[in-house]
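This report refers to the structure that appears directly beneath it.
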Amino acid sequence: MTPPPSAPASGSSGLSTRYRLRHATAYDYGEDVPISHHLLHLTARPHPRQRIRRSLLTIDPVPAVRTERVDYFGNTVTYVAVQEPHRTFSVIAESEVEVFDPPALAPGDSPSWEHVRDSLRGLAGPDDGAEITQYCFDSALVASSPELLDYVRGSFTPGRPAVAAAIDLMNRINREFAFDPTATTVATPLASVMRNRRGVCQDFAHIAVGCARAIGLPARYVSGYLRTLPPPGQPRLVGADVSHAWASVWCGATAGWLDICPTNACIANRDFITMAWGRDYDDVSPARGILLGGAGHGLTVSVDVEPLED
């Protein structure tokens with residue numbers, strides 16, 4: 001149940017920031033498309049450290065079919081079908097979200113990662129069992145490999161607390177991989193990222209997820225936004241924010257899920273707004289679709305993350 005507005009969210013520090021979010025996506029197909037189908041992950045999900053106060057999707061052309069459901073991972077998914085000729089398709093997602101800081105957690109505040117791994121055998125039931133252990137296995141974009149196992153052993157040394165090991169892995173990825181938007185695409189295999197040591201937040205999140213799974217720990221891919229601060233004395237640039245991705249590693253019953261951001265070498269706090277999570281990017285891509293016809297594929301995306309208060 002969502003806490004009352006005056007109370008902090010469960011499992012948080014009590015400190016929060018409210019945001020107004022606007023994510024505009026526009027496609028230009030070059031010529032008329034008679035029919036198109038779209039699957040959208042553009043509605044922020046509630047969780048123990050995040051409240052959704054308002055959410056609205058505006059779609060043009062107005063679809064003939066529009067349905068909303070909660071998917072297997074608990075994310076809100078919108079399906080739409082446009083059944084009239086259209087050359088453009090646009091979605092504007094607007095929402096107000098309140099995000100809380102996580103509780104303070106010291107690197108040693110968890111048992112050893114081996115204990116966390118072995119304790120998974122004792123989990124039972126859909127809530128504390130399958131919901132956690134389902135993230136131990138290979139997925140479409142994150143498959144086990146000797147390279148991932150070799151890399152993760154540099155952080156998950158024998159007897160090390162799970163939280164400390166996950167933070168060390170995050171910091172190593174940040175130091176040893178270069179952020180390079182030209183180095184990869186959505187289709188770049190994880191093996192290539194490991195070999196070239198270059199990529200973007202999506203790639204780094206996949207590496208962290210794959211590393212944790214390689215030693216038997218559950219890890220999930222998280223999609224969302226990151227609050228960015230302008231240089232001192234400069235105004236915010238409306239629409240200049242971008243989508244972001246990070247990883248969440250299960251560190252045992254006491255510490256729970258630890259959200260780590262290898263791109264920025266920090267634990268996710270109230271600057272991070274969660275949209276969806278799953279096994280990898282393929283489960284939570286913001287928009288995907290199938291269309292009939294068209295003579296090209298132009299795409300424009302504008303994201304604005306506006307803090308309302310601290």
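First residue of the sequence shown: 1, per full-length UniProt numbering; consecutive thereafter.
Backbone N, C-alpha and C fix where the C-beta goes; we use that ideal spot for every residue, glycine too.
In this text, all values refer to a predicted model and were calculated from it rather than measured experimentally.
> So Y281 packs on Y221, CB below 8 Å; how close in whole Å?
Replying inline: 6 Å
> Can you tell which of G216, V303, P181 and V305 has its C-alpha closest to the C-alpha of T263?
Replying inline: P181
> Helix, strand or coil: which one does DSSP assign to P146?
Replying inline: helix
>> Excluding the 5 residues flanking V91 on each side, which residues of the same chain have their C-beta closer than 6 Å to its C-beta?
In response: T25 and I59
>> Whole angstroms are fine: how far does the CA of V77 sit from the CA of R69?
In response: 5 Å
>> Using the Cβ count rule (16 or more neighbours within 10 Å means buried), how would you classify D150?
In response: exposed
> From G239 to S302, what does the alpha carbon distance come to, in whole angstroms?
Replying inline: Model confidence at G239 stands at a pLDDT of 48, short of 50, so the residue's coordinates are unreliable; what they give is reported in the following sentence. When rounded, the distance between both Cα atoms is 5 Å.
> How is the beta strand (DSSP E) around Q50 delimited, first residue to last?
Replying inline: Q50 to D60
> Can you tell me the Cα-Cα spacing of A219 and S192, whole angstroms?
Replying inline: 21 Å
> Cα separation between Y205 and Q83?
Replying inline: It is Ala, not Tyr, that sits at residue 205 in the sequence shown. Roughly 37 Å separates the two Cα atoms.
>> Per the DSSP calculation, F89 is bridged to which residue(s)?
In response: Y27
> From Q50, G252, T300 and L190, pick the residue whose C-alpha is nearest to that of G216; which is it?
Replying inline: G252
> Comparing alpha-carbon positions, which option in L21, F272 and A212 lies nearest S155?
Replying inline: A212
> Alpha carbon to alpha carbon, how far is I52 from H41?
Replying inline: 15 Å
> Around the Cβ of F100, are there at least 16 other Cβ atoms within 10 angstroms (buried) or fewer (exposed)?
Replying inline: buried
> Going by Cα to Cα distance, which pick from A81, V242 and D118 is closest to C136?
Replying inline: D118
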